[in-house]
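Asks: All residue numbers for the sequence shown refer to the working numbering, where the first residue is -7 and numbers rise by one.
Think of the CB as a built atom: it goes at the ideal place given N, C-alpha and C, for glycine as much as any other residue.
Have a look at the structure that comes next, please.
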Amino acid sequence: MNQGFWSKLKKPIIGLSPMDGVTDAAFRFIGAKYGKSHVHITEFTSAEGLAAGAVKLLDDFIYSDIERPVVAQIFGSDAEAFYKAGALVAALGFDGLDINMGCPARNVAEHGGGAALIRTPKLAQELIRAAKKGVKAWADGATLEDVGVHQAIIAQITDHKIYKSQTRNEIPVSVKTRIGYDAVVIEDWVKYLLEEEPAVISIHGRTLKQLYSGSADWDAIARAAQIIHETSTLAIGNGDAKDIGDAKAKIAAYGVDGVLIGRASFGNPWIFTDSAPSHDEKLRVAIEHARVFEELLPRKNFLHMRKHLCWYMSGFDGAKELRAALMQPSVKNAADVERIIGDWQRSAAPDLRLQESFATLIG
Ligand SMILES: Cc1cc2nc3c(=O)[nH]c(=O)nc-3n(C[C@H](O)[C@H](O)[C@H](O)COP(=O)(O)O)c2cc1C
């Protein structure tokens, strides 16, 4: 089995879970700089969209070397598109390719991709084989033209900063999934997946039907991990990890090789470390995040930054007012963010500093 970089990671593995609309290149860069995630995974990207030449999707595949190991995630249901995406992702210099078999969103699952694949295990297997074939074609020396990658995509990446690599590595292919569609079927489901020898199976402990309601079923993840551990595939659990201590406790309690942390990382790249940032640090990094966003993702609307700014602005006095100021329509770029935060610091900081030094004095 080709486990690639996964086998070299120090265990327990604690990684950043892929999140569409959140874990873009700027978020991952900031995460890598201030956190210590063992692995970064991109937002999922449509394999079929790439096959059709949707060059805008390449924005999802922008990454910085500081993130390594960095894995690209794809979704879809068409094997030919997975073959092409496998070669493309390898050519872009990613360390791994992950296949999304867990997304419950209608526009994904109703087209047979994401968590809908739990109901079509034969197709799921075909997709893994196709992605691996694409990765191998690249490793064996095929060009993207040979593989049939869309000309518009090739043209875009050839002269683009995301075009990283001419190395011919056979990168590992992994799967991220859920414990079932409308009922828990994870034991049977992982057996199908294991027949295709993915490097890793990451499992979010909810069914598609549950979406994000209730609690993640870690007992189901543990049962799956036992089955997975009869092979050399790694088992990673996911769902509701609050912080690094909670992630480590779950790893010990449920017998997984690692945990992916998702929502708890919102506005908190420090989650992968043991340190808590001061509010000044939060503000400084919020500004830096906005600047990195502009630099790495110039084609994206700055509105995408808003939610991140809101997430940073929490947990200190005056955060609510600062959030409101940053949500004004007049805030259109990183310079505006810096100005608003600077103004706020000049007016509110003396009070806050006083509070902080008082808190230090009284221990
Ligand atoms: C906004 C959002 C977007 C997500 N997008 C993806 C995605 O692109 N690919 C994926 O595999 N999972 C995606 N997920 C699921 C998360 O990776 C993770 O499995 C889920 O949030 C549970 O982990 P958590 O409780 O640590 O957040 C997304 C979740 C959220 C909240």
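Does the distance between the C-beta of I178 and the nearest non-hydrogen atom of ligand 1 fall short of 6 Å?
Replies: No.
Asks: If you drop the 5 nearest sequence neighbours on each side, which residues of the same chain put their C-beta closer than 7 Å to that of I146?
Replies: Here the set comprises L136, E137.
Asks: Could you tell me which of V251, K168, T199, V192 sits nearest to V176, measuring between CA atoms?
Replies: Here the closest residue by C-alpha is T199.
Asks: For V329, which option in D209, A282, E313, F308 has the closest C-alpha, if you only look at C-alpha atoms?
Replies: Of D209, A282, E313, F308, the residue nearest in Cα terms is A282.
Asks: From S(-1) to I22, what does the alpha carbon distance come to, in whole angstroms?
Replies: Going by the C-alpha atoms only, they are around 25 Å apart.
Asks: Going by C-alpha to C-alpha distance, which of R331, L275, A64 sits closest to D309?
Replies: Comparing Cα-Cα distances from D309 to each of R331, L275, A64, the minimum goes to L275.
Asks: Can you pull the DSSP bridge partners for V62?
Replies: Looking at the DSSP assignment, V62 forms a beta bridge with H32.
Asks: Sort out for me which residues DSSP pairs T199 with in a bridge.
Replies: T199 is bridged to G172.
Asks: Distance check for P269 and W262, CA to CA, integer angstroms please.
Replies: Taking the straight line from one Cα to the other gives about 7 Å.
Asks: How about F21: is its Cβ closer than 6 Å to a heavy atom in ligand 1?
Replies: Outside the cutoff, so no.
Asks: With H, G and I counted as helix, E and B as strand and the rest as coil, what does DSSP make of I54?
Replies: Looking at I54 - three-state DSSP - the assignment turns out to be coil, as it is neither helix nor strand.
Asks: So, with DSSP's three-state summary, where would you put A17?
Replies: Reduced to three states, the DSSP call for A17 is helix.
Asks: Taking the alpha helix (DSSP H) that G237 falls in, what are its first and last residues?
Replies: Taken as a continuous stretch (DSSP letters only), the alpha helix (DSSP H) holding G237 covers 236 to 246.
Asks: List the whole-angstrom C-beta distance separating E40 from G68, where the pair is believed to meet the contact cut-off of C-beta under 8 Å.
Replies: The pair is a contact, with the Cβ atoms about 5 Å apart (cut-off 8 Å).
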